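Protein sequence lines, in the order shown, are assigned to chains A and B.
Our numbering puts the first residue of the first sequence at 1, with every later residue one more than the last.
Our numbering puts the first residue of the second sequence at 1001, with every later residue one more than the last.
What follows is a set of notes on a single structure, which appears directly below.
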Amino acid sequence: MISDLLLILGPQHRRRMFGYLAWVTGFGVLQGLATVLLVPFLEALLVGDIAAAWTWTGVLLLAVVLACVAYHVQAMRGFGVALVVLTTMHERLGDHVSSLPLGWFSAERVGRLSRLVTGGTMMVAGLFAHLLTPLVVAVATPATIALAMLLFDWRLAVAAAVCAPLLWLAFRFAARWVGRGDELDDAAAVAAGNRVVEFARAQRVLRAFGRGAGGYAPLEDAIEDQRRAGRRSIWLATAGIVAGGFAVQVAFSVLILTGAFLALGGTLDPVRMIALVALAARFTGPLAEVGDYAGVVRIARNDLRRLVAVLSEEPLPEPAASAARPEPGAVELDRVSFGYQPGTPVLREVSLRIPPRSTVALVGASGSGKTTVTRLIARFADVDAGTVRVGGADVRDQTTEDLMAQLALVFQDVYLFDGTLEDNVRLGRPDATPGELAEAARLAGVTEIVRRLPDGWATRVGEGGTSLSGGERQRVSIARALLKDADIVLLDEATAALDPENERFFTGSMRALARRSTVLVIAHRLPTVVGADRIVVLDDGRIVEQGTHTELVALGGRYAAFQESRRRARGWRLVPARTPTPAATATVEESP
Amino acid sequence: MTTTIDEQQVPAGPAVEPAPDPRARARAESAALADLLRPVRGTIRVAQVLAAIGSAAALVPFVALAGLAAAFLEPGPPDDGAVLGAVWLIVGGLGARGVITGLALALTHFADVRLQALLRRRMVAHLGRVPLGWFSERSSGTVRKAAQDDVHDLHQVVAHHPVEWVGAWVLPIAGIGYLAWLDWRLALLALVTLPWYAAAYAWMMRGYTEKVEQMNAGNERISSAVVEFVSGIAVVKTFGQARRAHRGYAEAARDFGRFYSEWVRPMLRIEVIATMAISAPVVLLVACAGTAWFVGAGWITPVEAMTGILVSLVVPTTITALGFGASNRRTAAAAALRLHELLATPVLPEPGEPREPAGHRIELAGVRFSYSGGDGAEVLRGIDLDCPEGTVTALVGPSGAGKTTVATLVARFHDVTGGALRIGGVDVREIDPAVLYRHVGFVLQDVQLLHGTIAGNVRLGRPDATDDELHDACRAARIHDRILALPRGYDSVVGEDALLSGGEAQRVSIARALLADTPVLVLDEATAFADPESEAEIQDALSGLAAGRTVLVVAHRLSTITGADRIAVVDDGRIVESGTHDELLAAGGRYAAMWAAHRSGEDDAR
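Encoded structure:
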């Protein structure tokens, strides 16, 4: 646990931590010494030597003053370390998480991480004052008392020494059981929490199918699982606490029985025996607390472990400085193979060269690897074999900042921040002038959205704000890309079908982007496909055809077949005309 | 009808009042807490009685130790029987305390687990009935926090506080009572340092409630900053601004740290003084000095002095628990009030006497709507629309015109702020919600599959559907074969081994609607996210779905709905034109212009 804390703190704060620990231990020892002074005091008092009793009270006064000083210092230092841990933890976690490869972020990880960070904050805040200090004291004080017992009677000290391993074992078991119960609890809480998030996010679907008022079984199951895990965890903790309590009880009984028999046998002064039993009574209190705290510490340690686990996730290796990029705007995949899981390749030996300022359309069935190509170019993950070059240099030889500076990404899942619409568009280039912002917005059709929203540019969008439709979100995303004015644009068209308004803006934006940048587009719309300089057809992770629209249609292969099915699809109607009219019929016949 | 609407508009009257003074708030919190804890009150009482017995047992060893001392110190050889009896009493008293208190704690812990599950169920059941707007105003993180963290905050006051509180009172009172019985001066001696502690503690607690409130707010900020940061990092990284996004998070954390430091540091000094006043060394010192004096003065015997010292040492140990208990109770009370408020969120009013829709005609009469409940900008400004049973009505128009809003009102995601929406002649507000969803189905624009099996997803609207019905629906939605190709077929779990493309997910959602088999169907831009490779399949599935139902479709591609019985052009919250395709073309208005634009787009593609 201390080592986990040191890991979170980093080397520069080690001394602070050790300083604090030294002072707590000091307090524990001083408190033990003060308690031990009870023995000579009681011995004096029980035989009626008041003067000696006062002398020992004087000695006690000295020990108590020192203990108070030590307590004050450790409290202040402990708080200081807690604050450092708190800020350092958030800073390092933030830094580290931003350096992780994008493949790392799954919904479950995101849920766990946010729970960890929020829960972890409060845990760390109370860790030192309410956990570490009592725990260290609860060990140091009895240890001091046990050692001091040697001074008074070696036989009782031996009895105490015999009990020590028993206590240690019992506490270890107690802590392990409590910790295991906590792991059960935590896993169930994460599962139920994720379900609650889903319940909130999918509320529309759930309601549409009567699962709002009617109850949503998976969530109810998760709640029930959490209840069961809670019960199991209590049984485990109870077993642990019983074991610990029993051990303390045995230790105490051994001590007092030994004392009593020695005194009865006449080999131990009865007065001393009574004073020592009084001391032993004081000594089991803190020990029993060790048992209680050990479990809580285990829980805290589990939290810390999870934090440390996140901190030790490996980021993708990055050079300190980027290699030279001799060919700005060029993208090249050189015999690239890649799979998200070992053994299931998604791309197999894909080679593709996109010259600067050309437009390439990627087409292919879903699952053919189109999205993966764009993800590898943006280095969401590293290839298994081959090389991805952007600007003429291997992406692995470039820093994230430099690589991303060349790319603009317009993907399907457009993420909007919980900020204003302007913030969201400006993300493309925070220092853009109002003129540039307005131009990008005009081209992408964001101006229309601004006009519609109650507070215009200052309207809050994203989670917790006004929600935009799918088409509108993509427009925002395109505006970002336009504003960024990057060498290379990676674009995943959201849809094959746009309403006339979106269609108009999209076509305009595409033209503007193609004029200034290299465009690699996962194309769904016919105009995009047809208008590309080159069309690349992917199938099952391989490039099966490439060429211009005319060439490929003439080839009569996969692309030609795909075109054919698109044509059929365009003639579709939700419902056939009820009263066929010449005009409507004509539409159907026109579409070949 | 109007009364219903009025209730809708001023639903949360008392709840949204500006925050009352802290005292009233504290009272409200306590009341909320008491109310939430009602289901486990009986168990808690039993546990408290046990705790009282256990605490009293803690004194037995000290009383017995006095007996032991007396047996040894009396002149003459000690009586073996008396000595051993005392020894066993000491050991037994200690054991009894552990066992009985442990039992009490186990009882309350089980009660806590039961209560948590109960509250989560209540919350979920309640939230399933609040207006949908409640969810769009909050992030999912807030909901999670309520269901997990706020409920968890009650843990201390259910599982620990009642038992520890009883112990904290019984042990000192019994101890001091015993000392008083020995000698009143000993009782006073044990109490000497307490006033210091009490004064320091009271001073420390000033303004505590507000501070805890602030701390919760800070923590919530970190929480949402984290969620925001982590879920947005992918996009942010691609713009090379990971550091910038990270800043929001770092700032939230730093602010929290600063606030925490400013609040706690001055308090810490006082806390140290308070804690020291009742700490073992100080109490020991006072007790030793006091008893030395009393014995010297001849007021008490040395054995009484020893008992006095030991009992004095025990008295304050439980008081710290009282202090912690108080702060835990405040945390819990604040959480309880939040939960209570959440559970008191007005639900969509349920009809007193629900009526069954007669037929499946959809009628909108003068429907007005605004998301902020009447006073904000109106999204719909008087919509009249009649969709006879078994017909297809298409809504077209620019984005933001209000098409989608109309569609959501049919499923009663929200209640209209003016006018009425009727299905089968009955206002949707007078239909039992459980009945309504059996009549109205929905295929949404953003396809949402839930984390669960494919079968579970399709069965969402009809959990009791047979496997044959399930497979038929999926076959009709043209997704059956694809599902069979998944590693575990229908039992594959979405997001784990069922990795579906947008178009495939869309077909699953269509299968879901097919299986639900509702006579009224709302299609919202249903093809918008389809991938073209499966477009033909989706189209076939949709045609199958629409057949024979009363359909309201929010359309994007005009060519798909030319055959609709009625096309309504929505613009700026009003219906500006309506009629069949031919009528509207002939009229030469908005629709005709849209159609021309649409056709030219199609031509471009060729």
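Where a beta carbon is used, it is the ideal one built from N, C-alpha and C, also for glycine.
Only a predicted model underlies this, so the values are computations on that prediction, with no experimental measurement involved.
Of the residues assessed, A/Gln249 falls on the buried side of the cut-off, its CB having 16 or more other CB atoms within 10 angstroms. Remark: C-beta atoms of B/Leu1521 and B/Arg1549 approach each other more closely than 7 Å. Considering only beta carbons, the part of the stretch 208-224 of chain A lying closer than 8 Å to chain B consists of Ala208, Phe209, Gly210, Arg211, Gly212, Ala213, Gly214, Gly215, Tyr216, Ala217, Pro218, Leu219, Glu220, Ile223 and Glu224, in chain order. Taking the CA atoms as reference points, A/Ala514 sits about 14 Å from A/Ala523.
In the three-state reduction of the DSSP assignment, A/Ser99 falls in the helix class. Note that the C-beta distance between A/Leu483 and A/Gly419 is not below 7 Å. Taking the Cα of A/Arg525 as reference, the smallest distance to any Cα among B/Ile1044, B/Cys1387, B/Arg1557 and B/Val1311 is reached at B/Arg1557. Non-local beta-carbon contacts of A/His13 in its own chain, meaning distances under 6 Å to residues more than five positions away in sequence, involve Val84 in chain order.
Taking 7 Å as the cut-off, the beta carbon of A/Leu491 is found closer than this to the beta carbon of A/Val521. Contact between the stretch 1062-1070 of chain B and the stretch 1307-1314 of chain B is present: 3 or more CB-CB pairs across the two stretches fall below 8 Å. With fewer than 16 other CB atoms across the displayed protein chains lying within 10 angstroms of its CB, A/Ser312 is exposed. Here B/Phe1294 is not bridged, per DSSP, to any residue.
In this structure, DSSP gives B/Glu1271 a helical state, which the three-state scheme calls helix. Cβ-Cβ separation between B/Pro1351 and B/Arg1429: approximately 6 Å, consistent with a contact (criterion under 8 Å). Judged by their CB atoms, B/Val1166 and B/Thr1108 are not nearer to each other than the 7 Å cut-off. Secondary structure at A/Arg475: helix, using DSSP grouped into helix, strand and coil.
A/Gly78 and A/Met273 have their C-alpha atoms spaced approximately 39 Å apart.
Put simply, the CB of B/Ile1423 is far from chain A, with every gap to its CB atoms at 7 Å or more. For the stretch 503-520 of chain A, the set of positions with a beta-carbon nearer than 8 Å to some beta-carbon of chain B reads Glu503, Arg504 and Thr507 in chain order. The beta carbons of B/Val1083 and A/Ala260 sit about 6 Å from each other, so the pair counts as a contact at 8 Å. A/Gly547: not part of any alpha helix (DSSP H); member of the beta strand (DSSP E) spanning Arg542 to Gly547, first to last residue.
Between A/Ile8 and B/Gly1296, the gap from beta carbon to beta carbon reaches 7 Å or more. Contact note: A/Glu472 reaches chain B through Ser1399, using a C-beta cutoff of 7 Å and chain order.
Chain B places a beta carbon closer than 7 Å to that of A/Ser366, counting this residue as a contact. Here the stretch 1037-1045 of chain B lies against the stretch 1108-1124 of chain B, with 3 or more beta-carbon pairs under 8 Å apart. For the pair of segments examined, the stretch 1135-1148 of chain B was found to touch the stretch 197-208 of chain A: the number of CB pairs separated by less than 8 Å reaches three. The C-beta separation of A/Ala67 from A/Ala22 comes to about 15 Å, leaving the pair out of contact by the 8 Å criterion. Straight-line spacing of the CA atoms in B/Tyr1208 and B/Trp1196 works out to 19 Å.
Sorting B/Leu1450, B/Asp1540, B/His1414 and B/His1451 by C-alpha distance to the C-alpha of B/Ala1473 places B/Asp1540 at the top. As computed with DSSP, B/Asp1427 is found in a beta bridge with B/Arg1422. In the three-state DSSP reduction, A/Gly10 falls in the coil class, being neither helix nor strand.
Rounded to whole angstroms, the gap between the alpha carbons of B/Ser1136 and A/Arg231 is 35 Å. Contact of A/His13 with chain B by beta-carbon distance below 9 Å is absent, the smallest such distance being about 14 Å.
For the pair B/Gly1382 and A/Pro454, the Cα-to-Cα distance works out to about 19 Å.
At a cut-off of 7 Å between beta-carbon atoms, B/Gln1506 makes no contact with chain A. The beta carbon of B/Thr1453 lies closer than 7 Å to those of Tyr1490, Asp1491, Ser1492 and Val1493 in the same chain, with the five residues before and after it left out.
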